[in-house]
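Student: Read in order, the letters of the sequence shown are residues 9 to 282 in my numbering.
I have a structure I would like to understand better, so I am pasting it below and will then ask my questions one at a time.
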Amino acid sequence: MSKHFSSWVNDVYTTLELELLELLDFYHHQPRKRIVHQMRLNLKKQLAFFQMIQLPPEILGEHINVIRRFQKLLGKTRAIQVQEQKAKIIEQALNTEDLISKQFKDLEKTHTHNWRRYLKEESIALAMKSIREGLALSYQHLPLEIFQQHLKEQMHHILFNIKALSNIVMFDAEKFHELRTNFKQLIYFSEWLQPIFHHLPFAPATIEEIRQIDRTIGEWHDYVALLKKVDKEEKEALAFAIKEQIEVHILEARAQLSKVESFLSPIEAYFSSS
């Protein structure tokens, strides 16, 4: 064990905290869709980290709700941005003049206004500072060995879910979203756990395999969400084109999942024997 547990917790969370503050500053000076995506990803990582270490409720208090609400508001903005982009590509291919993407543009402005107003009402910086200080007080004397066992149990649970859901999605595409959640947890864990476990079998090629499946399922999810916003009778051609994309990404994800067993086996073996 190369690092004291409390130092590791502080390092991970401080990195996330500083990254979000920097992104907020970047967006203030030069608003970009890419920064909205990066901020939302950071907040999702924060929530995943809290779940991983099972932070006691008395530490989080209302602070975690500040994080959650901000993540949800950003999520609405990001979802509309993605749907607008995908709708625009299909509209151009169909050469249609009745543009649903313009409606999304207006919605994006509304959602952006909502999360920016929220930041004036709540201090994200104060919430993160309070959480970091609570972490420092709560985990300064916790033996790393206890947390190692907790992490092993979590990894077994994630790996079991991935293997089970990888089989289920072969005939039930609705489970793709739940599967993607578990893949994301595995990606985050691989990023954070190197100081806790020696010689983790998370090779760059393995992580890239996982990320590729995550991206494919993400594309499927985006088109499913887009289809829900389309009047299928009024915009029949657009709806048909979206359904085609959904099917393409279902087939692609299922093909990629055929390799899950091979690249998860070393990880599973490591946490069974370590």
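Just so you know, even glycine gets a beta-carbon here, dropped at the ideal spot from N, CA and C.
Given the structure is predicted, the values throughout are model-derived calculations rather than measurements.
I need the DSSP call for ILE180, collapsed to helix, strand or coil.
Tutor: Taking the sequence shown and counting its residues from 1, the one referred to as residue 180 is at position 172. Checking the displayed sequence, the identity of residue 180 turns out to be Asp instead of Ile. Note: ASP180 maps to coil in three-state DSSP.
Student: Inspect the beta-carbon positions of ARG86 and ARG48 and report whether they are closer than 8 Å.
Tutor: Position 78 of the sequence shown, counted from the start, is the residue given in the question as residue 86. Position 40 of the sequence shown, counted from the start, is the residue given in the question as residue 48. It is a contact, given that the beta carbons lie within the stated cut-off.
Student: Rounded C-beta distance between ARG188 and ILE154? I'm assuming under 8 Å.
Tutor: Reading the sequence shown from its first residue, position 180 is the one you call residue 188. Reading the sequence shown from its first residue, position 146 is the one you call residue 154. Contact doesn't hold; Cβ gap of about 30 Å is too wide.
Student: Where PHE13 and ILE72 are concerned, what is the direct C-alpha to C-alpha distance, given to the nearest angstrom?
Tutor: Against the sequence shown, residue 13 aligns to sequence position 5. Against the sequence shown, residue 72 aligns to sequence position 64. Taking the straight line joining both Cα atoms gives about 22 Å.
Student: What are the start and end residues of the alpha helix (DSSP H) that includes VAL256?
Tutor: By 1-based counting over the sequence shown, the position of residue 256 is 248. For VAL256, the enclosing alpha helix (DSSP H) begins and ends at 244-265.
Student: Scan the region 84-143 and note each continuous alpha helix (DSSP H) run of 4 residues or more that stays entirely inside, going in chain order.
Tutor: Inside the region 84-143, DSSP marks whole alpha helix (DSSP H) runs of 4 or more residues at positions 108-129, from first to last along the chain.
Student: Between which two residues does the alpha helix (DSSP H) harbouring LYS236 extend?
Tutor: The count along the sequence shown starts at 1 and reaches residue 236 at position 228. Looking at the DSSP string, the run of the alpha helix (DSSP H) that includes LYS236 is 212-236.
Student: What residue range does the alpha helix (DSSP H) around ARG40 cover?
Tutor: Counting from 1 along the sequence shown, the entry for residue 40 is found at position 32. It is not in any alpha helix (DSSP H) - ARG40 carries neither H nor E in the DSSP assignment.
Student: Can you say whether GLU30 is buried or exposed, counting buried as having 16 or more other CB atoms within 10 angstroms of its CB?
Tutor: Residue 30 sits at position 22 when you count from the first residue of the sequence shown. By the Cβ neighbour-count rule, GLU30 is exposed, with fewer than 16 other Cβ atoms within 10 Å of its own.
Student: Could you work out which residue in LEU173, GLN89, HIS206 is closest to ASP114 when comparing CA atoms only?
Tutor: Counted from its first residue, the sequence shown places residue 114 at position 106. The option with the nearest alpha carbon to ASP114 is GLN89.
Student: Rounded to whole angstroms, what's the CA-CA distance from HIS45 to PRO274? Just pull it up for me.
Tutor: Translated into the one-based positions of the sequence shown, residue 45 becomes position 37. Translated into the one-based positions of the sequence shown, residue 274 becomes position 266. One C-alpha to the other measures close to 32 Å.
Student: Under three-state DSSP, which class holds PHE78?
Tutor: As a first step, residue 78 must be located in the sequence shown, where it is residue number 70. It is helical.
Student: Could you tell me how far apart the beta carbons of ARG125 and VAL177 are, in whole angstroms, since I believe they sit closer than 8 Å?
Tutor: Numbered from 1 along the sequence shown, position 117 holds the residue referred to as residue 125. Numbered from 1 along the sequence shown, position 169 holds the residue referred to as residue 177. Actually they are not in contact, since the Cβ atoms of ARG125 and VAL177 sit about 39 Å apart, beyond 8 Å.
Student: Alpha carbon to alpha carbon, what distance is there between THR214 and PHE271?
Tutor: Taking the first residue of the sequence shown as position 1, residue 271 is located at position 263. Taking the first residue of the sequence shown as position 1, residue 214 is located at position 206. Their Cα atoms are separated by approximately 6 Å.
Student: What does the alpha-carbon distance come out to for the pair LYS110 and LYS52?
Tutor: As a working note, residue 110 is residue 102 in the sequence shown. As a working note, residue 52 is residue 44 in the sequence shown. Distance between the alpha carbons of LYS110 and LYS52 is about 28 Å.
Student: Does any residue of chain B bring its CB to less than 8 Å from the CB of GLN157?
Tutor: In the structure shown, chain B does not exist; there is a single protein chain.
Student: Do ALA249 and LEU107 have their C-beta atoms closer together than 8 Å?
Tutor: Here residue 249 is taken as the residue at index 241 of the sequence shown, counted from 1. Here residue 107 is taken as the residue at index 99 of the sequence shown, counted from 1. No, these two residues do not count as a Cβ contact at 8 Å.
Student: Between the alpha carbons of ARG140 and ASN169, how many angstroms are there, rounded?
Tutor: Residue numbering aside, residue 140 sits at position 132 when the sequence shown is read from its first letter. Residue numbering aside, residue 169 sits at position 161 when the sequence shown is read from its first letter. C-alpha separation (whole angstroms): 30 Å.
Student: Have a look at LYS160 and PHE279 and give me their C-alpha separation to the nearest angstrom.
Tutor: Within the sequence shown, numbered from 1, the residue matching residue 160 stands at position 152. Within the sequence shown, numbered from 1, the residue matching residue 279 stands at position 271. Spanning the two alpha carbons is a distance of roughly 6 Å.
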